[in-house]
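Heads up, the thing below is written out as structure tokens.
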Amino acid sequence: MGGMGKTTLTQLAYNDDRVKTHFDLRKWVCVSDPFDEIKIAKAIIGQNAPNSNELDEVLQCMSTSIQGKRFLLVLDDVWTDDPKKWEQLKVPLIQNGAKGNRILVTTRKHEVAKMMRATRNMINLRELNDECCLSIFNHMAFSDRDVHEFGDISKEIVKKCKGLPLAAKTLGSLMQNKTKMGEWKEVLHSKIWDLEKVEQEVFQPLFLSYNDLAPTIKCCLLYCATFPKDYKFKRDDLIKLWMAQDYVISKGNKEKGTTGDAVFDNLVARSFFQDFEIDLDTSTITGCKMHDIVHDFVQFLTKNECLIIDHGEETTSESKVFGDKVRHLTLRYVPEGPLPLFISSYDCKNLRTLATFDSRITTIDPNLILQLKCLRTLNLSLNPIKELPKEIGELIHLRHIDLSFNHILKKLPDTICGLYNLSTLRLVCCSNLTKLPENMGNLINLKHLYVDGCGLLKSFPKVIGRLTSLQTLDVCSCGGDKDEEFQIGDLRNLNLEGSLKIQLRGDATDKSE
Numbered sequence: 001m002g003g004m005g006k007t008t009l010t011q012l013a014y015n016d017d018r019v020k021t022h023f024d025l026r027k028w029v030c031v032s033d034p035f036d037e038i039k040i041a042k043a044i045i046g047q048n049a050p051n052s053n054e055l056d057e058v059l060q061c062m063s064t065s066i067q068g069k070r071f072l073l074v075l076d077d078v079w080t081d082d083p084k085k086w087e088q089l090k091v092p093l094i095q096n097g098a099k100g101n102r103i104l105v106t107t108r109k110h111e112v113a114k115m116m117r118a119t120r121n122m123i124n125l126r127e128l129n130d131e132c133c134l135s136i137f138n139h140m141a142f143s144d145r146d147v148h149e150f151g152d153i154s155k156e157i158v159k160k161c162k163g164l165p166l167a168a169k170t171l172g173s174l175m176q177n178k179t180k181m182g183e184w185k186e187v188l189h190s191k192i193w194d195l196e197k198v199e200q201e202v203f204q205p206l207f208l209s210y211n212d213l214a215p216t217i218k219c220c221l222l223y224c225a226t227f228p229k230d231y232k233f234k235r236d237d238l239i240k241l242w243m244a245q246d247y248v249i250s251k252g253n254k255e256k257g258t259t260g261d262a263v264f265d266n267l268v269a270r271s272f273f274q275d276f277e278i279d280l281d282t283s284t285i286t287g288c289k290m291h292d293i294v295h296d297f298v299q300f301l302t303k304n305e306c307l308i309i310d311h312g313e314e315t316t317s318e319s320k321v322f323g324d325k326v327r328h329l330t331l332r333y334v335p336e337g338p339l340p341l342f343i344s345s346y347d348c349k350n351l352r353t354l355a356t357f358d359s360r361i362t363t364i365d366p367n368l369i370l371q372l373k374c375l376r377t378l379n380l381s382l383n384p385i386k387e388l389p390k391e392i393g394e395l396i397h398l399r400h401i402d403l404s405f406n407h408i409l410k411k412l413p414d415t416i417c418g419l420y421n422l423s424t425l426r427l428v429c430c431s432n433l434t435k436l437p438e439n440m441g442n443l444i445n446l447k448h449l450y451v452d453g454c455g456l457l458k459s460f461p462k463v464i465g466r467l468t469s470l471q472t473l474d475v476c477s478c479g480g481d482k483d484e485e486f487q488i489g490d491l492r493n494l495n496l497e498g499s500l501k502i503q504l505r506g507d508a509t510d511k512s513e
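full-length UniProt numbering numbers the first residue of the sequence shown as 1 and each following residue consecutively.
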């Protein structure tokens, strides 16, 4: 069963200092379903993983990366009990590592442990007793209040958790801002507890917490269903994506609606996020993950609108049924070649988000682009795209474009300068990008421009200085006072926030610059 604390217990062991010093190498891979040997092997290899999707080649590279090393490998959330898939991965792991290697697997299925011949070493977690559940609940619900304030009713609510620590944590987070007895009784006697579907044993507490959210926060939470399991969210990036969908507004417009920071902090407080990355200087949460049960929950709620399709599964009956209702489409594991044309079967004119992960897209059909009339977010990062069609200039609702880590892309079409609603343009590590369009000054609503790692981008168009809405510019390439290109002085009209790395070219002789 999910929500028992398998991953949490494993994390405690994985991050223990004694474990860190004992092993030469530690790797954590979220497996989920399907069991993808290539994905797992590449995760073990890390940054030096090959681009190839040939299993033998990837396994050979993995063997080299672990050769002679004592490693700890965690395979989290394994579902498949197909021995053939496991054997292909296991053999090189056993043959090439050093003595004393350990592979730790978490799963909800006893059949997985049996298939891996690990039943003798299995730790079978049981439900917590009511006392332990109450301790978790109280820790979340009464962080700065008297635990005895709602003592008896607390115990009744905790019984609804059925021994699941995730349920206790979620319910405790829900109750922390409820100060009236009537509110507590409303939760205790909610009709949600009567839901009969098996999956709702874990979902019931999540439903209660979800129903307590404001509409804006619900939209932001559900948008997280567009990301794969175990995805590492970056706070600022996630907020920008919410803004692209008009769910939240920027910090400077608090009087007009809810800010992204307020939504993010609310979801953190209610335990929808976990595994936080924290800025040590400001104590601000800068990144997080989503528990796999919470991810299942948001996908359950958004199956009509948010769809993640792995390559080869695009013809399933489910995707056909919901095709005309999909608003946010995510593609994974697309092999080297064009952006799949089957996207057009999802009534493209209604798509708001198109994103890819772990894919190798090289070309995009202009006719397909023209169908994406309502698209607001386009994420084609980490693909070897050769050229972006000029037809992208027709997508006037686009607010967020991410082309980062496209190492083949040399230039952007001039038509991109007609996207007047564009707010974020990410071009990080587009290492072959040599220039930006000359008419970028037309992007009057551009707030965030990321170009760090674009080593061949030696100059900026002078019109960048006209982007008065620009708040973020991570790197600025400036000419000296003898150049006719963008100069340091052109920054004076911008309202930039945060840090800026300036690259100077030519001779800067005017101190006033």
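From the three backbone atoms N, C-alpha and C, an ideal C-beta is built for every residue, glycine too.
Quiz prompt | Secondary structure of H22, DSSP reduced to three states | solution = For H22, the secondary structure class from DSSP, reduced to helix, strand or coil, is helix.
Quiz prompt | Own chain partners of G5 with C-beta closer than 7 Å, once the 5 adjacent residues on each side are dropped | solution = Hits under 7 Å: L125 and P165.
Practice problem: Tell me where the beta strand (DSSP E) around G287 begins and ends. | Solution: Segment I285 to K289, the beta strand (DSSP E) holding G287.
Quiz item: Can you tell me the Cα-Cα spacing of C374 and I464, whole angstroms?
Solution: When rounded, the distance between both Cα atoms is 27 Å.
Exercise. Starting from the C-beta of P413, find all residues in its chain whose C-beta is less than 6 Å away, skip the five residues before and the five after it, and write them out in chain order.
Key: Result list for P413: L388 and K390, in chain order.
Quiz prompt | One or two residues paired with C306 in a DSSP bridge | solution = By DSSP's assignment, C306 forms a beta bridge with H328.
Self-check item: N- and C-terminal bounds of the alpha helix (DSSP H) containing L238
Solution: Segment R235 to A244, the alpha helix (DSSP H) holding L238.
Quiz item: Going by other Cβ atoms of all chains shown within 10 Å of its Cβ, with 16 needed for buried, is P335 buried or exposed?
Solution: By the C-beta density criterion, P335 is exposed, having fewer than 16 other C-beta atoms within 10 angstroms.
Practice problem: Output the distance between the C-alpha atoms of F233 and T259, rounded to the nearest integer angstrom. | Solution: When rounded, the distance between both Cα atoms is 17 Å.
Quiz item: Which term fits K482, buried or exposed, when burial requires 16 or more other beta carbons within 10 angstroms of its beta carbon?
Solution: With a pLDDT of 47 at K482, under the threshold of 50, the modelled position of that residue is not reliable, and no figure is offered here.
Quiz item: Taking just the CA atoms, how far does V91 sit from Q299?
Solution: Roughly 35 Å between the two C-alpha positions.
Quiz item: Are there three or more Cβ pairs, one per stretch, closer than 8 Å when the region 126 to 141 is compared with the region 92 to 101?
Solution: No, because fewer than three Cβ pairs between the region 126 to 141 and the region 92 to 101 fall closer than 8 Å, the two stretches do not touch.
Quiz item: What are the boundary residues of the beta strand (DSSP E) that Q274 is part of?
Solution: Counting along the chain, the beta strand (DSSP E) containing Q274 begins and ends at Q274 to I278.
Quiz item: CB-CB under 7 Å to T415, same chain, minus the five flanking residues each way: which ones, in chain order?
Solution: Answer for T415: K390, I392 and G393, listed in chain order.
Quiz item: Going along the chain, which residues of its own chain have a beta-carbon closer than 7 Å to the beta-carbon of M116, five neighbours each way excluded?
Solution: W86 and V105, listed in sequence order.
Quiz item: In three-state DSSP terms, what is Y210?
Solution: Three-state DSSP puts Y210 in a helix.
Practice problem: Classify M62 as buried or exposed, calling it buried when 16 or more other Cβ atoms lie within 10 Å of its own Cβ. | Solution: Flag for M62 reads buried.
Practice problem: Please go through the same chain and pick out, in chain order, the residues whose beta-carbon is closer than 7 Å to the beta-carbon of K169, but skip the five residues on each side of it. | Solution: If we look at K169 and ignore the five residues flanking it on each side, its Cβ neighbours are I136, M140 and S271.
Quiz item: Can you list, in chain order, the residues of its chain whose CB lies under 6 Å from that of W242, leaving out five sequence neighbours each side?
Solution: Cβ neighbours of W242 beyond the five flanking positions: C220, V248 and G260.
Quiz prompt | Minimum length 4: unbroken alpha helix (DSSP H) runs contained in the region 364 to 421 | solution = Fully enclosed alpha helix (DSSP H) runs of no fewer than 4 residues occupy 366 to 370 of the region 364 to 421, in order along the chain.
Quiz prompt | Reference S381, options N406, L370 and I396, closest by Cα | solution = Of the listed residues, the one whose Cα sits closest to S381 is N406.
Practice problem: Measure the CB-CB distance between A244 and H328 and report whether it falls below 9 Å. | Solution: Taking the C-beta atoms as reference points, H328 is found no nearer than 9 Å to A244.
Quiz prompt | Separation of D76 from S250, as counted between CA atoms | solution = One C-alpha to the other measures close to 36 Å.
Self-check item: Same chain only: Cβ atoms within 7 Å of I45, ignoring 5 sequence neighbours per side
Solution: Counting only residues of its own chain and dropping the five nearest sequence neighbours on each side, I45 has a CB closer than 7 Å to the CB of C61, M62 and S65.
Self-check item: Sequence-distant residues of the same chain with beta carbon closer than 8 Å to L89, five excluded per side
Solution: Counting only Cβ-Cβ distances below 8 Å, and skipping sequence neighbours, we find E37, I40, A41 and L59.
Practice problem: Could you work out which residue in L422, L174, N121 and T353 is closest to L325 when comparing CA atoms only? | Solution: According to the sequence provided, residue 325 is Lys. The question's Leu does not apply to it. Comparing Cα-Cα distances from K325 to each of L422, L174, N121 and T353, the minimum goes to T353.
Quiz item: Taking the C-alpha atoms as reference points, what is the distance between L500 and D452?
Solution: Each residue's CA atom was taken as its position, placing L500 and D452 some 10 Å apart.
Self-check item: Cutoff 8 Å; reference G2; Cβ partners in own chain excluding five residues on either side
Solution: Within the same chain, and ignoring the five residues on either side of G2 in sequence, the residues whose Cβ sits closer than 8 Å to its Cβ are R108, L166, V202, D292, I293 and D296.
Quiz item: Between the region 172 to 186 and the region 265 to 279, do at least 3 Cβ pairs fall closer than 8 Å?
Solution: Under the Cβ criterion (8 Å, minimum of three pairs), the region 172 to 186 counts as touching the region 265 to 279.
Practice problem: Run through the region 438 to 467 for me and flag every whole beta strand (DSSP E) of 3 or more residues, listed as ranges in chain order. | Solution: 448 to 450, all fully within the region 438 to 467.
Quiz item: How would you label I385, buried or exposed, when you count the other beta carbons within 10 angstroms and need 16 or more for buried?
Solution: Answer is buried; the Cβ neighbour count reaches 16.
Self-check item: Ranges of the alpha helix (DSSP H) found wholly within the UniProt domain "NB-ARC" (1 to 145), counting only runs of at least 4
Solution: Correct list: 6 to 14, 17 to 22, 37 to 45, 55 to 66, 83 to 96, 110 to 115 and 130 to 141.
Practice problem: Find the nearest neighbour of V158 within the set T216, N121 and Q204, judged by alpha-carbon distance. | Solution: Among T216, N121 and Q204, the Cα nearest to that of V158 is on Q204.
Quiz item: What is the residue span of the beta strand (DSSP E) that A355 lies within?
Solution: Counting along the chain, the beta strand (DSSP E) containing A355 begins and ends at T353 to F357.
Quiz prompt | Cβ neighbour criterion (16 or more within 10 Å) applied to D402 | solution = D402 should be labelled buried.
Exercise. Specify the secondary structure class of Y428 as computed by DSSP and reduced to three states.
Key: Per the sequence presented here, residue 428 reads as Val, with Tyr not at that position. If DSSP states are grouped into helix, strand and coil, V428 belongs with coil.
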